[in-house]
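Heads up, the thing below is written out as structure tokens.
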Amino acid sequence: MNGYKKLDTSSEWVERTLADMTLDQKIGQLLHPCIQSSASEEERVEMLAGIEPGGLFLFAGHRKELQEMSTWFQGHSSVPLVISADLENGPGKVIEDATSFPALMSLGATDDEELAFEMGRAAALEGRSCGIHWSFGPVVDISANPLNPGTNTRGFGDDPDLIVRLSKATISGMQENRLCATVKHFPGSGFDDRDAHICNTINPLHMDQWFALSGRPFQEAIDWGVWSVMIGHISLPAWDSGDHAHMQFSPPATLSRRIVTDLLRERMGFKGVIITDALDMGGVTSFGLFEEIIPGVIEAGCDMILFSSLKRDFEILKQSIENGRLTEARIEESVRRILSLKEALGLHEDRSVLPLAEEVSEQFENTSRLIAEKALTLVVDRKNVLPLKLDKGVRVLSYHIRGDPEINVNTFDDLLRERGVDVTHFNEQDIGKLPKADELLEYDVVLVSAVFEPSWGTSRIRPAGNYMRDVWSLITSHHPRLVFVSYGSPYLNYEMPHLPLVINAYSPDLNTQKAVIRLLTGEIEATGTSPVNLESPYLFKSLEGLRYPLRGSTRHE
């Protein structure tokens, strides 16, 4: 059983607060804008535009910046704000001087519910110490398609049983410590090979499959008492095919009343707060102008609009009420749920930042280290070269390939140098500059570090580019100690299936880099189990081949 209460939409505080609100204040509760943690006071005032939003999304910053930002906005709101951030895998990617945790897929590789709970608890306590009350996580999407650029290591894996176990533990860690958890992205990403920042993606499952696969983690989370669900710009043609014959033009869930209200609210019984994914994404903006989209998501059944443009969206919603498209009663339905969430979080009594004990941060650092070490998965070691000697005088060619140079494991080379290793560094930008095959033998170890993880709006999850010619040359050199480590997507061995030694580390965080060195040198063993089927890329192939009808032929064999 979980240890947190259900939202009460008719409590005394909710009733009293709602009764005191003007229509303008009610409309504002549905809006959830975003702001950079470094924004000046002038930029904050300009963003508010005289409107009181219901919440606020904070981008990454240092602890003191986030504390000051959240305190300032709370002081400029008559009703407590619920402040959110992407605390999907602990606090470190948002609070830059907090504990950094490995990716959710690392947790999947450990299959350890206690560690999942602790990651959720860390997000809660570190987040609340900065005035953050709402985590847009955990991700419960199934990593079904190896080429999906949005899920991959952001999720736990491809097994619904695993996702259910670990997500429930994470939710408990968050909500038992007064941080609202959010399961996303309903009705389930991970099947398409495209990015919802560019277009609406498609969940292609039939409904019997959907309830058993994509729908199951959401249903289990709802039954467990999760307080929030995020709606993705994802079409589910089997449930709502729209008015067009082609599945691409079936509406994204954010605009579908059949999906949000009929399926999520009524069929699945969700009573909590529903928030859209960011409403500036191509997956929804492709379907019309904001004058249509903004009231459309409320008509569908969503409660809050993420990344609102306050002045614009407020005016659109107010006009929609005036022209009869929306009613004040419909707005109040959402306001009740939003206020009940704020009450469950204790914001009706105290909206200040909560203190964090130093020893608690030390506990979280230990948890992060344990996840990193227990996640490491040895995919293959054909020549049995582990453990390696990596100490003074050993020469290592360290070649890094990255999807985004800003997301890297450059520190890994420094960690090797601290052990006395002579490291020569190259990366994907050094095209054609690597040593030739005979020159590679001057190095004791050739180590390839790959970092390809979900990166919004890029559709980039697999290595591709001219630098792959250099990767090819390294593989065909047949160096006796060629090591490949993936600090992101677990499917890269599919791209290079003849590598002799492959380790999946899942995450580029510092604790994972340290764990990899300890694995390579034999200080720890690889105990992680792959949370995804590494054979899945081959499941998309058919030994029978694709059958296209011949031009002019009427035969269908």
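Here the numbering used here = 1-based position in the sequence shown + 24.
For glycine and all other residues, C-beta sits at the position ideal for the given N, C-alpha and C.
Report yes if the CB atom of residue i is closer than 8 Å to the CB atom of residue j, and no otherwise.
{"i": "His424", "j": "Ser473", "result": "yes"}
{"i": "Leu31", "j": "Trp251", "result": "yes"}
{"i": "Asp301", "j": "Gly256", "result": "yes"}
{"i": "Ile485", "j": "Val509", "result": "no"}
{"i": "Ser62", "j": "Leu82", "result": "no"}
{"i": "Ser130", "j": "Leu534", "result": "no"}
{"i": "Leu111", "j": "Ala147", "result": "yes"}
{"i": "Thr401", "j": "Ala127", "result": "no"}
{"i": "Glu15", "j": "Trp37", "result": "Residue 15 lies beyond the stretch modelled for the chain, which goes from 25 to 581, so this question has no answer here."}
Report all residues from its chain with a CB closer than 7 Å to the CB of residue i; omit the five preceding and five following residues, and keep chain order.
{"i": "Asn557", "result": "Asp182"}
{"i": "Leu412", "result": "Val469, Arg505, Leu544 and Thr545"}
{"i": "Arg145", "result": "Gly197 and Asn201"}
{"i": "Ser344", "result": "Pro319 and Leu350"}
{"i": "Ala168", "result": "Asp182, Gly214 and Phe215"}
With a threshold of 16 other CB atoms inside 10 Å of the CB of residue i, please say whether the residue is buried or exposed.
{"i": "Tyr562", "result": "exposed"}
{"i": "Gly74", "result": "exposed"}
{"i": "Leu523", "result": "buried"}
{"i": "Trp158", "result": "buried"}
{"i": "Leu80", "result": "buried"}
{"i": "Leu313", "result": "exposed"}
{"i": "Glu373", "result": "exposed"}
{"i": "His230", "result": "exposed"}
{"i": "His268", "result": "exposed"}
{"i": "Val69", "result": "exposed"}
{"i": "Thr500", "result": "exposed"}
{"i": "Pro115", "result": "buried"}
{"i": "Glu39", "result": "exposed"}
{"i": "Arg493", "result": "exposed"}
{"i": "Gly456", "result": "exposed"}
{"i": "Glu452", "result": "buried"}
In its own chain, which residues sit with a C-beta less than 6 Å from the C-beta of residue i, not counting the 5 before and 5 after it?
{"i": "Lys407", "result": "Pro524"}
{"i": "His503", "result": "Leu464 and Val470"}
{"i": "Arg579", "result": "Note on Arg579: pLDDT 40, under 50, position unreliable in the model; no value is reported."}
{"i": "Ile541", "result": "Leu439"}
With respect to the alpha helix (DSSP H) encompassing residue i, which residues constitute its N-terminal and C-terminal limits?
{"i": "Thr134", "result": "Leu128 to Thr134"}
{"i": "Ala146", "result": "Glu137 to Arg152"}
{"i": "Tyr518", "result": "Leu516 to Glu519"}
{"i": "Met254", "result": "Looking at the DSSP string, Met254 is not in any alpha helix (DSSP H); the run it does join, the beta strand (DSSP E), is Ser252 to Ile255."}
{"i": "Glu339", "result": "Leu334 to Glu346"}
{"i": "Trp96", "result": "Arg87 to Gly99"}
{"i": "Met71", "result": "Glu65 to Leu72"}
{"i": "Lys366", "result": "Glu352 to Ala368"}
{"i": "Gln60", "result": "Note, Gln60: premise wrong, no alpha helix (DSSP H); not H, not E."}
How is the beta strand (DSSP E) around residue i delimited, first residue to last?
{"i": "Ser310", "result": "It is not in any beta strand (DSSP E) - Ser310 carries neither H nor E in the DSSP assignment."}
{"i": "Gly79", "result": "Gly79 to Leu82"}
{"i": "Ser510", "result": "Leu506 to Ser510"}
{"i": "Val447", "result": "Asp446 to Asn451"}
{"i": "Lys208", "result": "Thr206 to Phe210"}
{"i": "Ala396", "result": "Note, Ala396: premise wrong, no beta strand (DSSP E); alpha helix (DSSP H) at Glu382 to Ala399."}
{"i": "Arg426", "result": "Arg419 to Arg426"}
{"i": "Asn528", "result": "Leu525 to Asn528"}
{"i": "Ala109", "result": "Val106 to Ala109"}
{"i": "Val297", "result": "Val297 to Thr300"}
{"i": "Ser473", "result": "Val469 to Val475"}
Do you know offhand how far residue i's Cα is from residue j's?
{"i": "Leu47", "j": "Glu346", "result": "11 Å"}
{"i": "Arg419", "j": "Thr448", "result": "8 Å"}
{"i": "Thr225", "j": "Glu339", "result": "29 Å"}
{"i": "Ala245", "j": "Val188", "result": "8 Å"}
{"i": "Phe436", "j": "Lys538", "result": "7 Å"}
{"i": "Ile298", "j": "Ile258", "result": "15 Å"}
{"i": "Val475", "j": "Pro170", "result": "15 Å"}
{"i": "Glu120", "j": "Gly348", "result": "46 Å"}
{"i": "Ile395", "j": "Asp165", "result": "21 Å"}
{"i": "Thr206", "j": "Pro162", "result": "6 Å"}
{"i": "Gly444", "j": "Ile222", "result": "46 Å"}
{"i": "Ala122", "j": "Val409", "result": "37 Å"}
{"i": "Gly481", "j": "Ser213", "result": "15 Å"}
{"i": "His100", "j": "Asp264", "result": "41 Å"}
{"i": "Gly293", "j": "Thr309", "result": "28 Å"}
{"i": "Gly370", "j": "Lys192", "result": "22 Å"}
{"i": "Phe235", "j": "Trp496", "result": "43 Å"}
{"i": "Lys117", "j": "Asp462", "result": "42 Å"}
{"i": "Glu66", "j": "Leu72", "result": "10 Å"}
{"i": "Thr175", "j": "Pro478", "result": "7 Å"}
Give a yes or no on whether the minimum CB-CB distance between residue i and chain B is below 8 Å.
{"i": "Gly370", "result": "Absent from the structure: chain B. Only one protein chain is present."}
Identify, in the order they occur along the chain, each residue of the same chain with its Cβ nearer than 8 Å to the Cβ of residue i, setting aside the five sequence neighbours on each side.
{"i": "Leu279", "result": "Val308, Phe311, Ile317, Gly320, Val321 and Ala324"}
{"i": "Glu352", "result": "Leu47, Lys50 and Ile345"}
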